[in-house]
Structure formats: C-alpha cells, structure tokens
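Participant: Sending over a structure as structure tokens; questions will come in a sec.
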Amino acid sequence: MSGHSKWSTIKHKKAKTDAARSQSWTKVVRELIVAAQSGADPDFNSALRLAIQKAKACNMPRDNIERAIKRGAGGEDGTHYDQIFYEGYGAAGVAVLVETLTDNRNRTVANVRALMAKNGGAMGEAGSVAWQFKTLGQITLLGDSLDENDVMMAALEAGAEDVTNDDGMLAIITAPADVAEVARTLEAQGYKIDTMEITKVASNLIKVDEKAAASILKMCAVLEDDDDVQNVYTNADIADEIMEKLS
Numbered sequence: 005m006s007g008h009s010k011w012s013t014i015k016h017k018k019a020k021t022d023a024a025r026s027q028s029w030t031k032v033v034r035e036l037i038v039a040a041q042s043g044a045d046p047d048f049n050s051a052l053r054l055a056i057q058k059a060k061a062c063n064m065p066r067d068n069i070e071r072a073i074k075r076g077a078g079g080e081d082g083t084h085y086d087q088i089f090y091e092g093y094g095a096a097g098v099a100v101l102v103e104t105l106t107d108n109r110n111r112t113v114a115n116v117r118a119l120m121a122k123n124g125g126a127m128g129e130a131g132s133v134a135w136q137f138k139t140l141g142q143i144t145l146l147g148d149s150l151d152e153n154d155v156m157m158a159a160l161e162a163g164a165e166d167v168t169n170d171d172g173m174l175a176i177i178t179a180p181a182d183v184a185e186v187a188r189t190l191e192a193q194g195y196k197i198d199t200m201e202i203t204k205v206a207s208n209l210i211k212v213d214e215k216a217a218a219s220i221l222k223m224c225a226v227l228e229d230d231d232d233v234q235n236v237y238t239n240a241d242i243a244d245e246i247m248e249k250l251s
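Under the working numbering, the letters of the sequence shown match residues 5 to 251, in that order.
See the structure below:
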C-alpha cells in the first residue's frame, strides 16, 4: 500500500497552504443532507459522522450542521442529490476522477466537461479511468511528534489495514466501512483526528514534470471550485520540490 496515498497527501498538504481551496460550506451542507437521509444519529451512521467531522474542520457553526441534518433526515425541502462520478484525462495523460453531488445532472455534466476542456483536460467515457482507483478510508492525526511505530500498532489493533508515511505525514488506511470505527477507537486511546474521509486512491501513479503539474493542479482547482463537485482525484505523482514551487 506504500505510496498509494500520494495524491491524497498532495491534496492534504495543499489544503494547509491554500485556504481559498478549502471545501465550501455549500458542499459540506450537501454531504450532511445526503448522509442524514440514511439516519440522523452519527453513532449509527458512519457517513454522517464523516460529514460532521468535515463540517467542524471548516468551522461550520453547530446550528448550521444541525439544520442540514434535519433537512436530510426529514426531507423538508424535497431536494434530492445524486452522487455521480465523471471520468477523464489531464495533462501528460493522467487519469482524473471527478466526484459530484448534484440536483441537476445536465448542468453538472456540462460544467465538468467545459472546465476540463478549458484547462488542458478532456472528458472520457464511463469506465475509462475509474478502474484505476480503489476506494479506501483514510485518517490523519494531529500532532507533530507522533511515533510511527506507536501509531502503526494502535491503528492495526483498531482495525486499520496500513499506515503510510509521506514526508512525515502519517495516513492511516482502512476499509471504507471501517474508517469511522477506527477513528473512534484511536480517539478513545487519546489520539486527535485531523482528517477522516473515504477517498479514491490510484493503483499506479504517473510522474509529471512541472509544466504538466501546473496544468493538473489548475484543472483540479477550478473543478473543485464548482459547487456540484465534491472531490477530484488523479493518479499524478508530483515531486515535493515541484509542489512547493507551485503552491
């Protein structure tokens, strides 16, 4: 599994230095509404717990979180969001997978196609790149002096599959269904959760030069600025020095 979370690591590091690209409240509200449709109690709804954690991470007030959960659980406004993945390619032929939550499929597919085309990419057919990505749970912890061996032992005992280390950033890898329970167990042992998510991780990475990296990062950024887009995944492998230069 080592190295497989490279793109997630890149996105995590970029988020730390690029607040303008942090997930908007609009997107988190959609996640809360959709998750709450399966139950309003986060103790029995791991998707809702993930959405609440994300809402807290972007400093959403408790009242906003509770209103979104009530909307989803009660179906108050009748809004229905579909989760749709769009597939395509970016610079250097890298695979791009775009996750959306939308109440208007025609609007979303048109926007995603146009944004990819305007930024060095192209929409692909369904199934063209999705096979290159695996769905995993990923947890990162707060703390600058964590002992990797201690984290590894605690994570594996909690039910995690692996722990990766990319330039000092530890990522705990789990099965998608286990991410919330593993996080809960680690919290009970005194660890503080930084991020907790279900993500798409590429099986094979493509190394890209600075020019291609700049194009890929720009395309991902403009896609993620669209309200319908929740996440963008790619198999680009961008060297740390290039990432630092472009950040």
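Cβ atoms here follow ideal geometry from the backbone N, Cα and C, with glycine treated the same way.
Glu129 lies in the beta strand (DSSP E); which residues open and close that run?
Facilitator: Premise fails: Glu129 is in no beta strand (DSSP E) and is neither H nor E.
Participant: Examine the ligand GTP and report whether any of its heavy atoms sits within less than 7 Å of the Cβ of Thr178.
Facilitator: Absence of the ligand GTP is noted for the structure shown, with no ligands found whatsoever.
Participant: What is the rounded straight-line gap between the Cα of Ile177 and the Cα of Ala51?
Facilitator: 17 Å
Participant: Check whether the Cβ atoms of Gln142 and Thr203 sit closer than 8 Å, and answer yes or no.
Facilitator: Contact check for Gln142 against Thr203 passes: the beta carbons are separated by less than 8 Å.
Participant: In the DSSP assignment, find the alpha helix (DSSP H) that holds Asn110 and state where it starts and stops.
Facilitator: 109 to 122
Participant: Kindly confirm or deny that the region 91 to 106 and the region 116 to 136 touch, where touching means at least three C-beta pairs closer than 8 Å.
Facilitator: yes
Participant: Using the three-state DSSP reduction, which class does Ala179 fall into: helix, strand or coil?
Facilitator: coil
Participant: Put Lys196 into one of helix, strand or coil per three-state DSSP.
Facilitator: coil
Participant: Leu105: which of Leu119, Val236, Asp241 sits nearest, CA to CA?
Facilitator: Val236
Participant: Which one or two residues does DSSP pair with Val155 in a beta bridge?
Facilitator: Paired residue(s): none; Val155 is not in a bridge.
Participant: Which stretch, first to last residue, makes up the beta strand (DSSP E) that contains Thr83?
Facilitator: That residue, Thr83, is in no beta strand (DSSP E); it is neither H nor E in DSSP.
Participant: Would you tell me roughly how many angstroms separate the C-alpha atoms of Phe89 and Asp47, rounded to the nearest one?
Facilitator: 28 Å
Participant: I need the straight-line Cα distance from Asp182 to Glu191, nearest angstrom please.
Facilitator: The alpha-carbon atoms of Asp182 and Glu191 are separated by roughly 14 Å.
Participant: Between Gln136, Ile37, Lys60, Ala39, which has its C-alpha nearest Ala206's C-alpha?
Facilitator: Gln136
Participant: Enumerated in chain order, which unbroken segments of the alpha helix (DSSP H) with a length of 4 residues or greater are wholly contained in the region 226 to 250?
Facilitator: 244 to 250
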